[in-house]
Amino acid sequence: MLSARIRKTFAPKPDSAGFTLDIDLAATQGVTVLFGPSGAGKTLVLDAVAGFVKPDEGRVMLDDDILYDGATGVFLPPQKRNCGYVFQNYALFPHMTLRQNLEFAAERRPRLERHRRVMEMLDKFRLTEAAGRRPHEVSGGQRQRCSIARALIGEPKMLLLDEPATGLDAPLRAELYEALRRVKEDFRTPMLLVTHDLAECFELGEEMLIVHQGRVVQKGAPQEILDAPANLEVARLVGAFNLLEAEIVTLDPGRDSSRLRMGEFELNGRYFPGHLKGDRVTLCVRPEQLMARARDGKPGTNQIPAELVRVVERPHGLRLEFTSPAFSSAVRVNVSRGDYEGMKETREWVVEFPVGELRAV
Amino acid sequence: MNIDWFPLWLSLRVAFLSTALALAAGLWIAYVLANREFRFKDALDAAVTLPLVLPPTVLGYYLLVLIGRASPLGRLWEEVFGAPLVFTWKAAVVAALLHALPLLVKSARAALESVDRSYERAARNLGASELKIFLRVSFPLARRSILAATALAFARALGDFGVTLMVAGNIPGRTQTVAVAIYDAVESGNGAAARVLVLVVSAAALAILTLANRLTPEGAARG
Numbered sequence: 009m010l011s012a013r014i015r016k017t018f019a020p021k022p023d024s025a026g027f028t029l030d031i032d033l034a035a036t037q038g039v040t041v042l043f044g045p046s047g048a049g050k051t052l053v054l055d056a057v058a059g060f061v062k063p064d065e066g067r068v069m070l071d072d073d074i075l076y077d078g079a080t081g082v083f084l085p086p087q088k089r090n091c092g093y094v095f096q097n098y099a100l101f102p103h104m105t106l107r108q109n110l111e112f113a114a115e116r117r118p119r120l121e122r123h124r125r126v127m128e129m130l131d132k133f134r135l136t137e138a139a140g141r142r143p144h145e146v147s148g149g150q151r152q153r154c155s156i157a158r159a160l161i162g163e164p165k166m167l168l169l170d171e172p173a174t175g176l177d178a179p180l181r182a183e184l185y186e187a188l189r190r191v192k193e194d195f196r197t198p199m200l201l202v203t204h205d206l207a208e209c210f211e212l213g214e215e216m217l218i219v220h221q222g223r224v225v226q227k228g229a230p231q232e233i234l235d236a237p238a239n240l241e242v243a244r245l246v247g248a249f250n251l252l253e254a255e256i257v258t259l260d261p262g263r264d265s266s267r268l269r270m271g272e273f274e275l276n277g278r279y280f281p282g283h284l285k286g287d288r289v290t291l292c293v294r295p296e297q298l299m300a301r302a303r304d305g306k307p308g309t310n311q312i313p314a315e316l317v318r319v320v321e322r323p324h325g326l327r328l329e330f331t332s333p334a335f336s337s338a339v340r341v342n343v344s345r346g347d348y349e350g351m352k353e354t355r356e357w358v359v360e361f362p363v364g365e366l367r368a369v
Numbered sequence: 005m006n007i008d009w010f011p012l013w014l015s016l017r018v019a020f021l022s023t024a025l026a027l028a029a030g031l032w033i034a035y036v037l038a039n040r041e042f043r044f045k046d047a048l049d050a051a052v053t054l055p056l057v058l059p060p061t062v063l064g065y066y067l068l069v070l071i072g073r074a075s076p077l078g079r080l081w082e083e084v085f086g087a088p089l090v091f092t093w094k095a096a097v098v099a100a101l102l103h104a105l106p107l108l109v110k111s112a113r114a115a116l117e118s119v120d121r122s123y124e125r126a127a128r129n130l131g132a133s134e135l136k137i138f139l140r141v142s143f144p145l146a147r148r149s150i151l152a153a154t155a156l157a158f159a160r161a162l163g164d165f166g167v168t169l170m171v172a173g174n175i176p177g178r179t180q181t182v183a184v185a186i187y188d189a190v191e192s193g194n195g196a197a198a199r200v201l202v203l204v205v206s207a208a209a210l211a212i213l214t215l216a217n218r219l220t221p222e223g224a225a226r227g
C-alpha cells in the first residue's frame, strides 16, 4: 500500500506561472486513478513516488518502507524504491531486443532466477516470438506489453502508469486494458494510473482521485463521483454534465421536495440539503438522465420547451442539443437511434427533467 | 628523394595516445556536465573549452608554466620517472591532449544530452546503478556521435603545431611531429619533403573527416 503526502512548490518564472502541488493520497489494492486536466500535477505525483522529483515536504511510504520523509531528510534514490514505472512513451531501450530489455530489468534478482523469470514474463505477456526483435521492429501492442512486463519483472510493490493509453488507437487501447486487468488478477500489484480520460477511469479504476491545480478535489469510486460530484469544479472537470443555473424557490425537507426556477419555468426536485430558499445553484444533470419528447400542447410537469439545434452521432446513439431562453447554456440529451427515428419529424420539443435526477452543486 | 618518415609515425603515436586519454577523461567530464548540477559547472565547462579559443602560444606558455621543470607537477614527474617531461614526445602528447579534449567533451556532452531522458529514468527505476546506466544505456545510444567526435579529436591531435613546438620543441628524431617537420622542411628549403608530408597529412585528415561524417547520425551534427 502506498500512502503519500507530497508538497512541492515551483516558484513563478518569467515564462511560467508558479505551481504548488499539495496532495495526500493512499493507494491500496487494485487500480487507483489520478484524473485531471493536463498541468494539474498528476505526473508530478508519479515522479515524486518514483523518486525522480524531490518534494519540499511530506512523506511517502510504500508498505513499510519510508521512501521519502521531509522531516528526517530521508530520500531514497529511484533505484531503491521498488516501484515499477510504465512511461508514457514506454521508454523501452531502443538498442536492445525485447528479451534484453527484460534481462536488464531482471539483473537485480538472483542470478539463478533471472533466466527463468525472463522466460516466464515473455510467456505471460505473449512476447516469446518477438523476444529477439528490437522495440521499433515489433507491433505497438508488443511494445506496450513489454514495457509492462519490464516494469513488473522485479516484483515491484507498486506499479505507476503515466497515461499509458494516450495516442493509442481503439484496438490497442482495448488490448492495454485487457493486459492491465490481467496484471490486476495475476500479479496483484497495486497500480497508480494517471489519465485524463473519463472512460479509462471506469474501465480500470476502483478508486478515482480528481486532481486540479495540484490538489485532490474529490475522491471515490468513479460511479460515485459521476453520481455525486462534490462541487461545480469537479462537475466541470469530469465534463460529463449539463450545468444549468437555477434558483431555489421552495425547499421542503419533510416531503423531500423542492421547486426550482429556470427562466420562466419551474421544476420539481428532491430536497437539496445544505441549500437555502432563494439560493442560486447550478443544476448538474447528465445527458443520459434527461429525456427529449415531442411537445404535446402545454408543457407537462418538469418539461421545458426547447429548440433542437444539433444532432450529433455517437457510438451508442445520438446526442441532441437544445437551447431555450430558460437554459443558461445548451442542454445535451442522449437518445437511442430507435427513439429518435420515431420522433424525427417533431417540430416542437420539450426537455424533461426527471424529478429524482436533479442535483444542485 | 630522401624523406624522413619518423615525424609521421611520431605524430600518429602522439595522436593515438592523446585521443585515448582524451576519451577517458572527456567522457567522464561530458557525463558530469550532462547529468549533474553543481556549483562550478559553468566554470568547468569554460575551462575545458578555453583551449579551443586561446592562441597556441598562450596555451604553450601556460603548459610550460604548469609542467616545466621548475613547476611542482614537472618536479613530481621528474621524481617519479627520472627525467623531465618537457621537450620529450610525451610533452607532445599533453599538447595534443589539450586540443583533443575540448572537442571531445563538447560533442560527447551534446550526444549524451540528446539521449531521451526517459531511457535513463527507466533504467534508474529498474534499479540500475549510474555506472551501469552510462555503460549500457547512455553510451550505447550516443555511441555513433561519440565515435565521430573521437575521430575529429584524433585529426585535431594529429595536426597540432604551436603548442607542441613550445613544450616539446623541434628535436629531429625525438620530438619532431609531422606538423613541425613540415614547417622545418619549408624553412630549410626542402620543398619536396614538405609537399609529400602535406599530401599525406591532408589525405589522412580527409579520410578521418569522411569517417566522422559517416558515423554522425542523420541530422544530428548537421543540425
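Residue numbers (the working numbering), protein chains in the order written: chain A, 9 to 369; chain B, 5 to 227. Note that the Cβ used here is the ideal one computed from N, Cα and C, for glycine as well.
Contacts with chain B at 7 Å (Cβ-Cβ) do not include A/F27. For chain A, none of the residues of the stretch 27-49 of chain B brings a beta carbon within less than 9 Å of one of its beta carbons. B/Y123 sits buried, since 16 or more C-beta atoms from the chains shown fall within 10 Å of its C-beta.
The stretch 209-218 of chain A makes contact with the stretch 229-241 of chain A: 3 or more CB pairs, one atom from each, lie closer than 8 Å.
B/H103 is classed as buried because its beta carbon has at least 16 other beta carbons within 10 Å across all chains shown. DSSP places A/F112 in the uninterrupted alpha helix (DSSP H) bounded by L106 to A114. Every alpha helix (DSSP H) stretch that sits fully inside the stretch 100-183 of chain A and reaches 4 residues is listed by chain position as 106-114, 119-132 and 148-160.
The criterion of a C-beta distance shorter than 7 Å is satisfied by A/L184 and A/Q152. By the Cβ criterion, the stretch 245-263 of chain A is in contact with the stretch 275-282 of chain A, since at least three pairs of Cβ atoms, one from each stretch, lie closer than 8 Å.
For the stretch 61-95 of chain A, residues whose beta-carbon sits nearer than 9 Å to a beta-carbon of chain B comprise P85, P86, Q87, K88, R89, N90, C91, G92, Y93 and F95. Inclusion of A/D32 and A/R13 in the CB contact set at 7 Å is warranted, their separation being smaller than that value.
For A/F101, the chain B residues whose C-beta falls within less than 9 Å of its own C-beta are Y123, A126, A127, R140, V141, P144 and L145, listed in chain order. By the neighbour-count criterion, in which 16 or more other beta carbons inside 10 Å mark a residue as buried, B/Q180 falls on the buried side. At a beta-carbon threshold of 9 Å, the residues of chain B lying near A/R116 are L130, G131 and A132, ordered along the chain.
With 16 or more neighbouring CB atoms inside 10 Å of its own CB, A/D170 falls in the buried class. Short of 8 Å from the beta carbon of A/P362, and not among the five residues preceding or following it, lie these beta carbons of its own chain, in chain order: Q297, L298, M299 and N310.
Taking a Cβ-Cβ threshold of 9 Å, the residues of chain B close to A/N97 are D120 and S122, in chain order. A/P164 and A/A79 have their C-alpha atoms some 26 Å from each other. Where A/L275 is concerned, the enclosing beta strand (DSSP E) starts and stops at F273 to G277. Across the structure, A/A19 and A/I256 are spaced so that their CA atoms are roughly 43 Å apart.
Taking the beta carbon of A/A229 as reference, no residue of chain B falls within 8 Å; the closest one sits roughly 29 Å away.
Among the residues of the stretch 125-149 of chain A, none has a Cβ less than 7 Å away from any Cβ of chain B. DSSP lists A/V358 as the beta-bridge partner residues of A/P313.
Identification of chain B residues near A/G162 by a Cβ-Cβ cut-off of 7 Å yields L130 and G131, ordered along the chain. Beta-bridge partners assigned by DSSP to A/M270: A/F273.
Residue environment for A/E215: buried (at least 16 other C-beta atoms within 10 angstroms of its C-beta).
Across the set A/L200, A/A159, A/W357 and A/D235, the C-alpha of A/A159 shows the shortest separation from the C-alpha of A/R125. One Cα belongs to A/R181, the other to A/G277, and the distance between them is close to 40 Å. Beta bridge pairing from DSSP links A/Q226 with A/I218. Excluding residues up to 5 positions away in sequence, G64 lie with their Cβ nearer than 6 Å to the Cβ of B/M170 in the same chain.
Sixteen is the threshold: since fewer than 16 other Cβ atoms of the shown chains lie within 10 Å of the Cβ of A/P22, the residue is exposed. Residue pairing by DSSP leaves A/G286 without any beta bridge partner. Within chain B, no C-beta atom comes less than 7 Å from the C-beta of A/F18; the nearest is roughly 16 Å away. In the DSSP assignment, A/I31 is bridged to A/I14. Taken in chain order, the complete beta strand (DSSP E) segments of 3 or more residues contained in the stretch 314-338 of chain A are 325-331.
Taking C-beta separations shorter than 6 Å and ignoring five residues to either side along the sequence, the partners of A/D287 in its chain run I256, following chain order.
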